[in-house]
Amino acid sequence: IYTGNGNKELDFKSKAIIVKSENGPQFTIIDCENEGRGFKLQRGENRSSEIRGFTIMNGSTDKGGAVFCYRSSPTIAENIIVKSISGYGGGIYLEESEALITDNIIEENTAKSQGGAIYSGFSSPIIKNNLIADNIGRANGGAISCRRSEIQIDSNDIIENMAALCGGGIYCEEDCSLTVVNNLVVENSTFRGGGIYCWAICELKLINNTVVKNEAGFGGGIYSKQN
Numbered sequence: 030i031y032t033g034n035g036n037k038e039l040d041f042k043s044k045a046i047i048v049k050s051e052n053g054p055q056f057t058i059i060d061c062e063n064e065g066r067g068f069k070l071q072r073g074e075n076r077s078s079e080i081r082g083f084t085i086m087n088g089s090t091d092k093g094g095a096v097f098c099y100r101s102s103p104t105i106a107e108n109i110i111v112k113s114i115s116g117y118g119g120g121i122y123l124e125e126s127e128a129l130i131t132d133n134i135i136e137e138n139t140a141k142s143q144g145g146a147i148y149s150g151f152s153s154p155i156i157k158n159n160l161i162a163d164n165i166g167r168a169n170g171g172a173i174s175c176r177r178s179e180i181q182i183d184s185n186d187i188i189e190n191m192a193a194l195c196g197g198g199i200y201c202e203e204d205c206s207l208t209v210v211n212n213l214v215v216e217n218s219t220f221r222g223g224g225i226y227c228w229a230i231c232e233l234k235l236i237n238n239t240v241v242k243n244e245a246g247f248g249g250g251i252y253s254k255q256n
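Sequence positions in the sequence shown follow our numbering and run 30 to 256.
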């Protein structure tokens, strides 16, 4: 278990390196102790820069409780991201990013505003093969929230996430393009759009998904609104 200064806010400094645990996330834990986040990437890293095989927990920041990416596009793979809190992106925050987020467990994170697990703004990430469960967006996007982004959401289990207002599972707004394929979207809840909520000129492609047992005042499965 890694704690304290030097073991959080880790910065790749633009290097194409793989930071990987030896024995997997169950045995290699970055505990942010509710002060700061695990990784902060903002120097143009690409997918050759990898964060792989850690548990990142107890992060607390304004953006990206566990991982923050600004103008950087790392690979975030095979991690457990849990019990972190942020204004936007309780687990992961993306801005101007093409990150690959794959094979992670992202659960029990909270966004004070949007994106309990993941927030994407002006970005084009691939979100694939993750378990995204029990996250909370206190406004919108219990699991995933996106704004002006082009996102591939592929083969994830999006389960039992909650938002106070809109998009218990997935929330998109303002010129987003989403391709949602082969996902399970199950038992998410909110006021509008229990599974998926889209508004303000969003393009949504739904292919071969299972969207069941979601709950909302309006649109238990999917709610779409154009302004």
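Just so it is clear, CB atoms sit at the ideal spot from N, CA and C, and this is done for glycine as well. Here the structure is a predicted model, which is why all the values come from computation and not from measurement.
Contact check, residue i vs residue j under 8 Å by CB: the rounded distance?
i	j	result
residue 80	residue 103	6 Å
residue 145	residue 166	4 Å
residue 202	residue 221	Contact doesn't hold; Cβ gap of about 12 Å is too wide.
residue 164	residue 133	The Cβ separation is near 12 Å, so there is no contact.
residue 131	residue 157	5 Å
Going straight from the alpha carbon of residue i to that of residue j, what length do you get?
i	j	result
residue 227	residue 252	6 Å
residue 248	residue 199	13 Å
residue 119	residue 245	22 Å
residue 162	residue 44	32 Å
residue 99	residue 123	6 Å
residue 35	residue 47	18 Å
residue 207	residue 52	35 Å
residue 233	residue 154	15 Å
Only counting the same chain, and skipping five residues up and downstream in sequence, which positions put a Cβ closer than 8 Å to that of residue i?
i	result
residue 238	209, 210, 211, 212, 213 and 214
residue 243	197, 198, 214, 215, 216, 217, 218, 223, 224, 249 and 250
So, for residue i: in the same chain, excluding its five sequence neighbours on each side, which residues have a beta-carbon less than 6 Å away from its beta-carbon?
i	result
residue 141	116 and 167
residue 169	143, 192, 194, 195, 196 and 200
residue 54	82, 83, 84, 108 and 109
residue 114	89, 94 and 139
residue 69	38, 40 and 97
Hey, out of the options, whose CA is closest to residue i's CA?
i	options	result
residue 205	72, 255 and 158	255
residue 97	134, 148, 57 and 58	148
residue 59	69, 47 and 30	30
residue 241	95, 187, 234 and 203	187
residue 72	101, 61, 174 and 86	101
residue 128	160, 89, 87 and 78	78
residue 33	232, 136, 179 and 87	87
residue 180	49, 42, 125 and 171	125
residue 106	91, 135 and 231	135
With DSSP as the reference, identify every bridge partner of residue i, one or two as the case may be.
i	result
residue 181	155 and 208
residue 201	175 and 227
residue 149	123 and 175
residue 239	213
residue 81	49 and 106
residue 234	208
Output needed for residue i: all residues of its chain with C-beta closer than 7 Å, excluding positions within five of it in sequence on either side, in chain order.
i	result
residue 37	59, 61, 65, 66 and 67
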